[in-house]
Each structure stands twice: as C-alpha cells, then as structure tokens.
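**Q**
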Amino acid sequence: MHPKNRVSNSGQSIPSPPAPESPLRSPKYHHGRKSGRFNPFQPGRTLAHRLSRLLLYVLLRRQRIFLFAPLIYISGMLLYMGAASVDVSPVVRHRHSPGSVYRSPQVYEKLKVYMKADNSSADAISTVWKNSYRGGQWRPCVKKSSEGMELFPLLCPKLFLITFLFLLTTIDLPESNGYIYVEANGGLNQQRTSICNAVAVAGYLNATLLIPNFHFHSIWRDPSKFKDIYDEEYFISTLKNDVQVVDRIPNYIMERFDYNLTNVFNFKIKAWSSIRYYKEVVLPKLLEEKLIRISPFANRLSFDAPPAVQRLRCLANYEALRFASPILSLGETLVARMKERSANSGGKYLSVHLRFEEVSIVSIENVDMVAFSCCVFDGGKLEIEDMQRARERGWKGKFTKPGRVIRPGAIRINGKCPLTPLEVGLMLRGMGFDNKTYIFLASGKIYNSEKTMAPLLEMFPNLQTKEMLASVEELAPYKGFSSRMAAIDYTVCLHSEVFVTTQGGNFPHFLMGHRRYLYGGHSKTIRPDKRRLALLFDNPNIGWRTFKRQMLNMRSHSDTKGVELKRPNDSIYTFPCPDCMCRTNRSVKARSSSATGQNVYNVQRTKTENFAIGGMTPAWTGPDRTGECSSDFAVAESNKLLTTPWFYDSFATAMGIVGNLTPQQRQSFDSQGFIVIESFASPEEIEALRKRMDELVQDFDPTETASIFSTKNQLKLTNEYFYESAEKISFFFEEKAFDDSGNLKQSKELSINKVGHALHEIDPVFKEFSCSEKVSSLLFSLGYKRPVVIQSMYIFKQPGIGGEVTPHQDNSFLYTEPKTCTGLWLALEDATVVNGCLWAIPESHKNGLVRRFIRGEDGVYFDNPSPSYDQKDFVPIEVKAGSLVVIHGDLIHQSFENQSSNSRHAYSLHVVDTEGCKWAEDNWMQRKVKPEPLYAS
1 MHPKNRVSNS
11 GQSIPSPPAP
21 ESPLRSPKYH
31 HGRKSGRFNP
41 FQPGRTLAHR
51 LSRLLLYVLL
61 RRQRIFLFAP
71 LIYISGMLLY
81 MGAASVDVSP
91 VVRHRHSPGS
101 VYRSPQVYEK
111 LKVYMKADNS
121 SADAISTVWK
131 NSYRGGQWRP
141 CVKKSSEGME
151 LFPLLCPKLF
161 LITFLFLLTT
171 IDLPESNGYI
181 YVEANGGLNQ
191 QRTSICNAVA
201 VAGYLNATLL
211 IPNFHFHSIW
221 RDPSKFKDIY
231 DEEYFISTLK
241 NDVQVVDRIP
251 NYIMERFDYN
261 LTNVFNFKIK
271 AWSSIRYYKE
281 VVLPKLLEEK
291 LIRISPFANR
301 LSFDAPPAVQ
311 RLRCLANYEA
321 LRFASPILSL
331 GETLVARMKE
341 RSANSGGKYL
351 SVHLRFEEVS
361 IVSIENVDMV
371 AFSCCVFDGG
381 KLEIEDMQRA
391 RERGWKGKFT
401 KPGRVIRPGA
411 IRINGKCPLT
421 PLEVGLMLRG
431 MGFDNKTYIF
441 LASGKIYNSE
451 KTMAPLLEMF
461 PNLQTKEMLA
471 SVEELAPYKG
481 FSSRMAAIDY
491 TVCLHSEVFV
501 TTQGGNFPHF
511 LMGHRRYLYG
521 GHSKTIRPDK
531 RRLALLFDNP
541 NIGWRTFKRQ
551 MLNMRSHSDT
561 KGVELKRPND
571 SIYTFPCPDC
581 MCRTNRSVKA
591 RSSSATGQNV
601 YNVQRTKTEN
611 FAIGGMTPAW
621 TGPDRTGECS
631 SDFAVAESNK
641 LLTTPWFYDS
651 FATAMGIVGN
661 LTPQQRQSFD
671 SQGFIVIESF
681 ASPEEIEALR
691 KRMDELVQDF
701 DPTETASIFS
711 TKNQLKLTNE
721 YFYESAEKIS
731 FFFEEKAFDD
741 SGNLKQSKEL
751 SINKVGHALH
761 EIDPVFKEFS
771 CSEKVSSLLF
781 SLGYKRPVVI
791 QSMYIFKQPG
801 IGGEVTPHQD
811 NSFLYTEPKT
821 CTGLWLALED
831 ATVVNGCLWA
841 IPESHKNGLV
851 RRFIRGEDGV
861 YFDNPSPSYD
871 QKDFVPIEVK
881 AGSLVVIHGD
891 LIHQSFENQS
901 SNSRHAYSLH
911 VVDTEGCKWA
921 EDNWMQRKVK
931 PEPLYAS
C-alpha cells in the first residue's frame with residue numbers, strides 16, 4: 001500500500017499515484033505537482049461553477065464532513081430567521097390565552113344571520129317550565145303564633161296538650177330580657193339579611209328588637225331609613241305574637257347612655273356565629289345591661305340553626321317584610337304595565353338582572369361590577385383608564401398591591417365575568433326566546449350603554465326598564481336612593497314568568513328564594529353555566545345549531561334545578577324548602593331540614609337564664625319559673641288523660657296528627673311484636689325518596705370502596721369504612737355483585753346492597769321524612785319521651801342477587817339500658833314472598849334478647865352463637881308500597897334472597913330513647929357527635 005501525501009494549504013488528504021521509485025517524499029515537493037485526475041480549480045470555469053464543484057468534491061471525498069451537517073443546518077436557519085444578521089433577534093408571534101380576548105361580538109356577527117332566519121322556536125315563555133318536582137309541590141306554611149297552637153305540637157307534646165286542654169287562643173310574650181339594637185350595613189338585600197337575622201336572634205333570646213338602623217355607606221350613599229323602604233307598622237304587627245319590636249328605647253334606659261346609642265356596649269360578633277354563641281355570650285350581657293348594640297350585623301348568624309330560629313327567619317323574610325306603600329304601589333303598577341304589554345303571551349314576561357353597570361359611585365346595589373370583575377370588554381384604552389379609576393376610587397389599593405397579578409382570561413374562563421348585554425341577548429335567543437318576548441331589565445345605568453345595549457335591543461326590541469315603564473314624575477321621589485330603586489326592580493322581577501340571573505349577589509339569591517316561596521317551591525329562574533358560556537363565546541367558529549343546542553340544554557338544567565331543598569350550609573333565604581314550606585299533600589308542617597342545636601323546649605333554664613325562644617313560651621311560663629314545658633299540676637292532669645284511650649284517640653283525630661297508633665294498634669304491637677300501618681307514606685314521598693337515592697347512587701364512585709355487606713360474616717365489616725358510616729352516607733355492595741376477579745358483574749345501580757347509616761341527618765330529602773310529624777307522632781304514641789333516630793338505611797334487595805338477612809333482633813346491634821330500640825321499615829316497593837319480604841316470629845319479642853353484636857379491640861363479634869330457629873314459626877309480612885312495618889327491638893325477623901326479576905326497595909329507621917336510657921359503650925356504633933332528639937316531652 002502506498003503512503004498518502006498531505007496538502008498543507010487545504011488540510012485535505014488526497015491519495016497519491018503509484019511512483020516508480022521509492023525515495024522518501026516530502027509534502028513540500030508535492031505542491032506544484034500536476035495530475036490528470038479531477039481538479040476543482042481547472043481554468044476556464046466561472047467562480048460559481050468552481051465553488052459548486054469544490055463543494056461536491058469535498059462531500060464525495062471526505063464523508064466525515066457530514067458530522068458537521070446539524071451545526072451547518074442550525075446556523076443556516078438562524079441566519080435565515082435573523083435576515084442574515086446575527087445581531088437581530090428572532091420574531092416570536094404572541095398567542096392570546098383563552099378568554100383573554102372578548103370575542104362575543106365576533107360570535108354575534110356570525111350567528112346573527114342564522115338567528116334571524118331561525119323560525120323553529122316555539123313559544124318559549126309559555127313552555128320554559130316543563131318539569132314539576134316529583135316529590136310534590138310546596139306551599140308556604142310559616143305560621144304566626146296568633147294563628148293557632150300548631151306551632152309546637154311535637155316540640156313539646158305535653159305543653160301542646162295542656163294548651164289544648166286550657167283552650168288558649170293567644171300567647172302572651174313573657175317579660176323581655178332586654179333590648180337589642182343592630183346596624184344593618186350593605187345594599188338592599190344585605191340589609192334584608194340583617195333584619196331577618198336580628199328578628200331570629202331577638203326571638204331566641206326573648207329580647208325586644210329596636211327597628212334596625214340602616215348604616216350609611218360611602219359606596220351606596222343611600223340615607224334611607226327602615227320606614228322609607230319597608231312598611232314599619234306592618235312589620236311590627238306581623239311579629240307581635242312572636243317577637244317584640246319597637247321603634248324607640250324607653251327614656252329610663254336611654255338616660256343611662258346620655259340618649260346616645262353610640263355609647264351602648266357594642267358586640268363585635270364574628271361572621272356566621274352560631275345561635276349557641278348568642279345564648280352563651282350575648283344573653284348574659286343582655287341580662288346585665290338590658291340594652292346591647294351589634295354593629296355591623298350583616299352575616300352574623302350561621303345558616304344552620306334550630307327549627308324555631310329558622311321559622312322566625314322565614315316569618316320575617318316572607319311575611320313581615322313588606323315594601324312601603326309608595327314603593328309597593330309603583331312596583332305593582334309597573335308589573336301591571338308589563339303584563340298589559342305582553343298580553344299576546346298571556347301576560348307573561350321575562351326579567352333579567354344585569355350587572356353590567358356604569359362605572360360610577362352610585363348604582364343599583366353592587367357598584368362598579370364591571371370594574372370590580374377585572375375583566376376586559378374590548379373597550380380599548382378608554383375602558384382601561386375608566387376601570388383603573390373606578391377600582392382605586394371604590395377599593396383603594398385593593399387591586400394595586402405589590403405582587404398581585406390580574407389575569408382577565410382566567411377570570412372569564414372561570415365564569416367570574418359579568419355577562420354583557422350582547423351575551424345575555426345571544427344566550428336568550430339560543431334558549432328559544434324570540435324577538436317578540438317582553439323583557440324587563442333590572443339594572444343601574446349600563447356601562448357605555450349606547451354601544452353595549454345596541455345588540456341586545458336589536459335582538460329584543462320589546463325590552464323595558466323602570467325608566468321606560470314609569471314617567472319621570474313617578475320615579476322622581478326615588479332618584480338618588482339606590483335601595484329604593486332596587487326595591488322597585490325587585491318587585492317587578494318577583495312577578496315575572498322567568499327570572500334570569502347573570503351574576504351572583506344578594507339580589508338574585510333573595511329573589512330565587514322568594515319566587516320559590518310564591519311558586520310552589522320552583523324558583524322559575526334561569527341560572528346559566530357561565531364557565532360553559534365563556535368557552536362558547538370564545539369560539540368565533542361555533543355554528544348556530546350547536547350554540548342553540550347548548551343553550552337549550554342549559555335552560556332545561558335550570559328547569560330541573562328549579563326545586564332544590566336546603567342543604568346544611570345553604571341560605572334559607574335562597575332555599576326556603578322545607579324550613580318555610582310544606583308539601584301540598586301533607587296536612588301538617590314538615591320539620592326543618594337543617595335542624596341543629598338543642599330542641600327549644602329541652603333547655604333547662606335558671607331564673608337568670610330564662611328566655612323564650614321564638615316567642616312561643618305560654619303565658620304561665622314566666623321569668624320566675626324554670627321554663628319547663630308545664631306546671632306539675634298540668635303534667636299530672638295531662639298524664640291521666642294521655643292514659644285514657646278514648647281521649648287520646650279523640651285528641652289525635654281532632655288535632656289532625658298523623659301517624660298515631662290507635663289503642664287497638666298499640667295492643668296488637670305489644671302482643672305480636674310488630675304492626676303494619678298501611679299508606680303511611682304518600683306516593684309523592686316515595687317518589688321523592690327513590691329519586692333522591694337515584695341521584696346519590698349516580699354521584700357515587702364505586703372505585704372508592706368495595707365494602708360488602710353481609711349478615712352471615714360480620715367480620716368482613718370490621719374496617720374503618722363501616723365504623724365511620726355511623727355519621728356518613730356510605731355504600732355497601734351485595735356479596736354476589738363481584739366476579740372472581742373482583743369486578744362488578746353488572747352496573748353499580750344493580751350491585752349495591754344498602755346505603756347508610758346517616759341518611760336521616762345529612763340528606764335533606766331523607767331528613768325531612770325521618771323527622772316528620774307522622775314519625776314523631778308514632779313514636780309519641782309508643783311512649784317515647786326523647787327519641788333519637790340512631791341510624792337509617794336504604795335497602796335495595798337487588799333482583800337476582802339481593803342477599804339474605806339471617807334471623808336477628810335489632811336490640812342486638814343497637815343496645816341501650818334499658819332496651820328501647822324500635823325499627824321502622826318503610827316499603828318503597830311492594831314486598832312479597834317472591835322478592836324477599838320480611839318474615840317474623842310473632843310474640844318472639846317476649847322471650848328477651850338472645851345475643852349482642854359487640855365492638856371490641858379486635859373488631860366486632862357476637863357474644864353468643866346464633867340459636868336455631870324453626871322456619872315454620874316465621875310468618876311472611878307482605879305489604880304494599882307506602883306501608884310501614886313497626887318492629888319491636890326484640891322481635892326475631894329475617895328476609896330471604898331476592899330470586900325474582902324485581903327489586904324490593906325499602907327505607908329503614910332505628911330509633912332509641914335517650915330519656916333515662918344509657919347507650920352501650922360496646923355497641924358497634926359509637927358517634928362522635930350526639931344526635932338531636934326528634935322531640936322532648
């Protein structure tokens with residue numbers, strides 16, 4: 001092999017031709033050597049030609065150059081992007097984040113043509129509310145004390161009986177414990193909250209309430225007093241038998257404070273304080289000072305309170321608070337004018353609460369909503385300057401704190417931006433409301449109204465405001481008074497067929513509650529999903545059919561959610577059912593769904609602590625008595641009558657108390673150990689319970705737990721999930737619901753054995769039935785003095801796999817000393833021998849308790865083996881849906897597997913007495929919080 005020469009000036013290695021001689025050759029002798037081989041620098045070529053030939057030559061002869069190809073490519077791209085200059089930075093195009101650009105006008109321009117051409121819309125104003133609540137309609141049932149004694153028939157049965165015996169027709173309020181003065185701050189409806197809460201607190205503490213003073217706010221700037229907005233005389237008169245209300249403090253008390261209310265001791269109460277706080281902290285000071293001041297008072301009482309407190313809230317909000325005659329008269333006049341103009345639609349009109357108010361100091365109720373939202377509405381530089389000035393003027397420094405970052409796009413996508421007039425119009429047209437629909441717009445002066453209102457007026461030319469409906473002279477007395485103007489809007493919106501809320505706040509929340517109170521429990525309110533709307537309005541390419549389908553679904557959802565029951569942390573002013581309302585198919589008022597705290601007639605009080613609750617203390621219970629339900633003489637006489645069967649039966653019938661046992665039924669229960677009460681629950685109640693359970697099951701995620709309920713092997717239940725179910729809503733599967741791999745054989749709806757054990761406390765629908773008068777009356781006729789629902793279960797008995805429940809006694813699981821457990825088993829479907837009805841051994845309760853289910857350190861177990869029973873001794877208890885089986889705690893009963901194709905749903909309650917009884921410390925159920933009794937006699 002021949003050596004290779006090196007070309008020093010090029011750095012390239014070129015093969016040498018074979019030499020005839022072999023002397024040593026040096027590179028310096030090779031520079032001028034000619035060769036007949038390829039030479040890129042041959043003469044006669046252009047420079048470009050020679051350069052390209054050179055490049056090709058290098059690539060072919062030295063392939064290692066490809067290692068530098070990526071570097072060469074990147075360098076070339078940088079040069080290209082930098083316009084052949086390394087000193088120029090690359091150009092990066094900025095993309096707007098979702099929601100940061102107001103694209104609704106683009107959407108409107110695209111959809112406008114299709115919207116006008118759409119003739120498929122039906123008469124939406126007449127067909128918008130299609131769904132009625134399956135549990136039955138509701139009716140107002142806030143009773144005033146002067147309307148009769150049905151206020152407290154079961155809160156204190158003996159007191160009610162004594163009242164009946166003595167034929168009292170009025171209730172005199174006891175001597176007041178002192179005066180309470182509150183300052184209500186905020187706008188119209190925030191003040192309304194303060195008023196109603198003040199009534200409730202005053203009634204609970206047996207105090208006299210001074211007409212609340214409206215705090216003059218630097219933002220609302222409304223100097224109106226109580227009597228300027230509300231009918232003061234009507235307010236005092238309506239509450240006279242429940243809460244003492246006065247318009248001035250007596251001079252002998254004011255003299256102590258130099259006739260200046262600012263000298264009165266002021267309680268600084270934390271927001272959402274419990275009623276117990278008022279009893280333990282405020283009441284002693286009230287008894288000492290005889291006059292206390294609470295300022296500010298907005299939101300100073302928690303939403304959850306005992307039934308008597310909730311009743312007073314309902315009474316104040318829905319019955320006692322009536323707008324002053326001038327405001328009410330003008331409001332009703334505007335309602336009549338709206339109905340007259342919408343005569344072609346049967347006098348039905350739509351009302352919209354629009355929060356797109358002008359940047360100013362004075363607006364309808366919540367000022368500068370546009371500025372406060374920190375959203376962008378495509379108003380350019382002028383809009384930015386207006387918003388910055390308004391924020392600084394209304395909330396100095398709040399939005400300019402160091403480190404605070406405002407992201408308008410995120411705010412819009414999260415549904416926090418107020419809907420613009422254009423967006424409201426698009427939404428309503430998509431929901432099927434045509435351009436002939438009459439709309440009442442409740443709002444202050446709209447921001448940049450000439451521009452922003454034009455699209456809405458184009459879509460709905462029949463839009464009206466109070467300024468359009470009323471003459472200048474009619475509105476003149478209310479100009480400059482934001483709360484009075486808001487009261488007019490409130491009245492017109494209250495009586496509309498459809499109410500549309502576009503942003504949160506007290507105004508729509510109070511209106512929804514008030515409309516539920518007036519319209520059978522249905523709010524008749526459209527509450528749009530603003531997060532979904534933000535995404536739809538952010539898509540300029542959306543089509544009309546797609547948009548309309550989304551809007552109709554949103555409208556339907558509002559219809560479905562029209563009737564909602566109050567949950568523990570909900571406001572009673574938005575959700576009056578069932579605290580302020582009763583079902584139309586019920587003959588007596590339902591107990592509160594949010595009942596917490598002590599029963600009002602179960603509080604032992606000393607002479608210095610005595611106070612009436614809700615103004616319901618009878619005349620004979622004065623400040624010198626203990627405050628118990630009755631005097632010794634009256635109790636003795638009532639006990640004699642209660643033990644007289646004819647009187648008790650007549651009394652219960654006369655008073656319309658449902659659920660009471662007749663003497664014959666009581667005798668049968670004592671003899672057999674069980675009785676069947678047919679038609680205990682109405683079809684509407686059954687439907688409500690089943691529908692609610694369907695909703696709970698749909699929301700349940702079966703992957704969270706696979707606890708299997710079995711009475712054959714209770715050791716499977718010795719886990720924390722089972723123990724914690726005492727105070728939760730827990731789900732348990734059938735044993736045969738899973739295959740060998742641990743997967744459900746069928747859907748979760750057909751695999752669950754039961755749901756328990758605190759349905760009666762947590763869920764409003766089940767709580768309403770469990771704490772109803774009919775249940776309390778039944779227990780009262782069984783002799784319970786202070787009954788507590790200790791557990792509840794919804795039992796499915798699934799078709800084909802519904803498990804067997806072996807012979808047992810309820811006292812085994814829920815043991816008290818002495819034994820007091822009674823089971824209430826409500827059939828939600830017909831129960832037959834085919835689908836697994838109950839079976840029982842009559843009179844077996846007379847043989848006592850055979851064994852107990854005990855919770856030990858190592859889990860739960862039975863203290864004795866199960867006895868052997870002869871199946872011939874059992875009798876089937878076949879019942880129709882709605883029937884209630886009352887079961888003695890010592891009765892031996894069971895049920896077999898459901899081998900049919902039909903389910904057998906049932907709702908079961910277990911009740912124990914807490915009067916003179918002790919809950920066993922080794923029961924499987926050990927609660928952290930003691931349950932509240934249904935009543936205390």
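The UniProt record's numbering numbers the first residue of the sequence shown as 1 and each following residue consecutively.
Every residue, glycine too, gets a C-beta built ideally from N, C-alpha and C.
Counting beta carbon pairs with one atom in the stretch 177–188 and one in the stretch 291–302, are three or more of them shorter than 8 Å?
**A** yes
**Q** Looking at the secondary structure, which residues open and close the alpha helix (DSSP H) in which Lys110 lies?
**A** Indexing the sequence shown from 1 puts residue 110 at position 110. 104–117 is the span of the alpha helix (DSSP H), which, as asked, contains Lys110.
**Q** Taking Cβ to Cβ, would you say Met551 is nearer than 7 Å to Gly425?
**A** Here the question's residue 551 lines up with position 551 in the sequence shown. Here the question's residue 425 lines up with position 425 in the sequence shown. Taking 7 Å as the Cβ cut-off, Met551 and Gly425 do not qualify as a contacting pair.
**Q** What residue from Asp228, Cys375, Val755 has the CA that sits closest to Arg322's CA?
**A** Numbered from 1 along the sequence shown, position 322 holds the residue referred to as residue 322. Checked all of Asp228, Cys375, Val755; the closest Cα to Arg322 is Asp228.
**Q** Could you please give the first and the last residue of the uninterrupted beta strand (DSSP E) stretch that includes Thr806?
**A** Numbered from its first residue, the sequence shown carries residue 806 at position 806. Counting along the chain, the unbroken beta strand (DSSP E) around Thr806 starts and ends at 805–808.
**Q** Could you tell me whether the stretch 885–896 touches the stretch 810–826, using the rule of 3 or more Cβ pairs below 8 Å?
**A** yes
**Q** Can you pull the DSSP bridge partners for Asp913?
**A** Here residue 913 is taken as the residue at index 913 of the sequence shown, counted from 1. Answer is Pro787, bridged to Asp913.
**Q** Which residue spans inside the stretch 414–476 form an unbroken alpha helix (DSSP H) run of at least 4?
**A** 421–430, 449–452, 454–459, 466–469, 472–475
**Q** Are the CB atoms of Tyr517 and Pro140 nearer to each other than 7 Å?
**A** By one-based count along the sequence shown, residue 517 stands at place 517. By one-based count along the sequence shown, residue 140 stands at place 140. Yes; because the gap between Cβ atoms is below 7 Å, this pair is in contact.
**Q** Just the C-alpha distance for Ile413 and Val376, rounded to the nearest angstrom, thanks.
**A** Locating residue 413 in the sequence shown gives position 413, where the first residue counts as 1. Locating residue 376 in the sequence shown gives position 376, where the first residue counts as 1. Roughly 12 Å between the two C-alpha positions.
**Q** Roughly how many whole angstroms lie between the Cα atoms of Leu78 and Ala69?
**A** Within the sequence shown, residue 78 is the residue found at index 78, counting from 1. Within the sequence shown, residue 69 is the residue found at index 69, counting from 1. Approximately 14 Å, taken between the alpha carbons.
**Q** Please name the residue, chosen from Leu759, Ile236, Val879, that lies closest to Ser679 on a Cα-to-Cα basis.
**A** Within the sequence shown, numbered from 1, the residue matching residue 679 stands at position 679. The shortest Cα separation from Ser679 among Leu759, Ile236, Val879 belongs to Val879.
**Q** Whole alpha helix (DSSP H) runs in the stretch 464–533 with 4 or more residues, listed along the chain?
**A** Counting only runs of 4 or more, we get 466–469, 472–475, 482–494, 506–518.
**Q** Here's the rule I'm using: 16 or more other beta-carbon atoms within 10 Å means buried, otherwise exposed. How should Glu695 be labelled?
**A** Translated into positions along the sequence shown, residue 695 becomes position 695. Glu695 comes out exposed.
**Q** When you compare only the Cα positions, how much space is there between Arg786 and Leu909?
**A** Residue numbering aside, residue 786 sits at position 786 when the sequence shown is read from its first letter. Residue numbering aside, residue 909 sits at position 909 when the sequence shown is read from its first letter. Whole-angstrom Cα-Cα distance: 16 Å.
**Q** Taking DSSP as the reference, what is the three-state secondary structure of Ala390?
**A** The residue labelled residue 390 in the question sits at position 390 within the sequence shown. Three-state result, Ala390: helix.
**Q** Which word fits Glu829, buried or exposed, when buried means at least 16 other C-beta atoms lie within 10 angstroms of its C-beta?
**A** Reading the sequence shown from its first residue, position 829 is the one you call residue 829. Looking at its Cβ environment, which holds 16 or more other Cβ atoms inside 10 Å, Glu829 is buried.
**Q** Quick check on DSSP: helix, strand or coil for Gly889?
**A** Taking the first residue of the sequence shown as position 1, residue 889 is located at position 889. Gly889: coil per DSSP, three-state reduction.
**Q** In this structure, how does DSSP classify Lys754 when only helix, strand and coil are distinguished?
**A** The residue labelled residue 754 in the question sits at position 754 within the sequence shown. The answer is strand: DSSP assigns Lys754 an E or B state.
**Q** Is the stretch 435–454 in contact with the stretch 348–356, if contact means three or more CB pairs nearer than 8 Å?
**A** With the cut-off at 8 Å, the stretch 435–454 and the stretch 348–356 touch.
**Q** Let me check understanding here. Comparing Cα to Cα, which of Ile236, Glu232, Thr193 lies closest to His514?
**A** The residue given as residue 514 occupies position 514 in the sequence shown. For His514, the nearest C-alpha among the options comes from Thr193.
**Q** So who's on the other strand from Met925, going by DSSP bridges?
**A** To locate residue 925, count along the sequence shown from 1; it is residue 925. DSSP, once it has assigned bridges, lists no residue as partnering Met925.
**Q** Going straight from the alpha carbon of Arg583 to that of Ile253, what length do you get?
**A** Locating residue 583 in the sequence shown gives position 583, where the first residue counts as 1. Locating residue 253 in the sequence shown gives position 253, where the first residue counts as 1. One C-alpha to the other measures close to 46 Å.
**Q** Quick one: what's Ala827 bridged to in DSSP?
**A** As a position in the sequence shown, residue 827 is number 827, starting the count at 1. Answer by DSSP bridge pairing, in chain order: Ala906.
**Q** Quick check: the stretch 916–925 against the stretch 795–808, are there 3 or more CB pairs under 8 Å?
**A** no
**Q** In or out: Thr208 buried (at least 16 other Cβ within 10 Å) or exposed?
**A** Your numbering for residue 208 matches position 208 in the sequence shown. So Thr208 ends up on the buried side.
**Q** Count Cβ pairs between the stretch 763–782 and the stretch 565–579 that sit closer than 8 Å; are there 3 or more?
**A** yes
**Q** Below 8 Å on the Cβ atoms is my guess for Val563 versus His522; work out the distance and round it to an integer in Å.
**A** Stepping through the sequence shown from its first residue, residue 563 is reached at position 563. Stepping through the sequence shown from its first residue, residue 522 is reached at position 522. Yes, Val563 and His522 are in contact; Cβ-Cβ is about 5 Å, under 8 Å.
**Q** Taking Cβ to Cβ, would you say Pro817 is nearer than 7 Å to Phe896?
**A** The sequence position of residue 817 within the sequence shown is 817, counting from 1. The sequence position of residue 896 within the sequence shown is 896, counting from 1. At residue 817 the sequence reads Glu, which differs from the Pro that was named. Contact flag unset, no.
**Q** Buried or exposed: which applies to Gly397, given that a residue is buried once 16 or more other Cβ atoms fall within 10 Å of its Cβ?
**A** Residue 397 sits at position 397 when you count from the first residue of the sequence shown. Result: exposed.
**Q** Report the three-state DSSP secondary structure of Ile686 (helix, strand or coil).
**A** Translated into the one-based positions of the sequence shown, residue 686 becomes position 686. Correct three-state label for Ile686: helix.
**Q** What's the gap between the Cα of Trp924 and the Cα of Val789?
**A** Position 924 of the sequence shown, counting from 1, holds the residue named residue 924. Position 789 of the sequence shown, counting from 1, holds the residue named residue 789. Using only the alpha carbons, I get a separation of about 16 Å.
**Q** Could you check whether the stretch 831–840 touches the stretch 866–885, counting it as contact only if at least three pairs of C-beta atoms, one from each stretch, sit closer than 8 Å?
**A** yes
**Q** Looking at C-beta atoms only, is the number of pairs between the stretch 254–265 and the stretch 337–355 that lie closer than 8 Å three or more?
**A** no
**Q** At the level of alpha carbons, what is the spacing between Val282 and Asp247?
**A** Within the sequence shown, the letter at position 282 stands for residue 282. Within the sequence shown, the letter at position 247 stands for residue 247. So the two alpha carbons sit approximately 22 Å from each other.
**Q** Considering just the uninterrupted stretch of the beta strand (DSSP E) at His353, what are its terminal residues?
**A** Walking along the sequence shown from the start, residue 353 turns up at place 353. For His353, the enclosing beta strand (DSSP E) starts and ends at 350–353.
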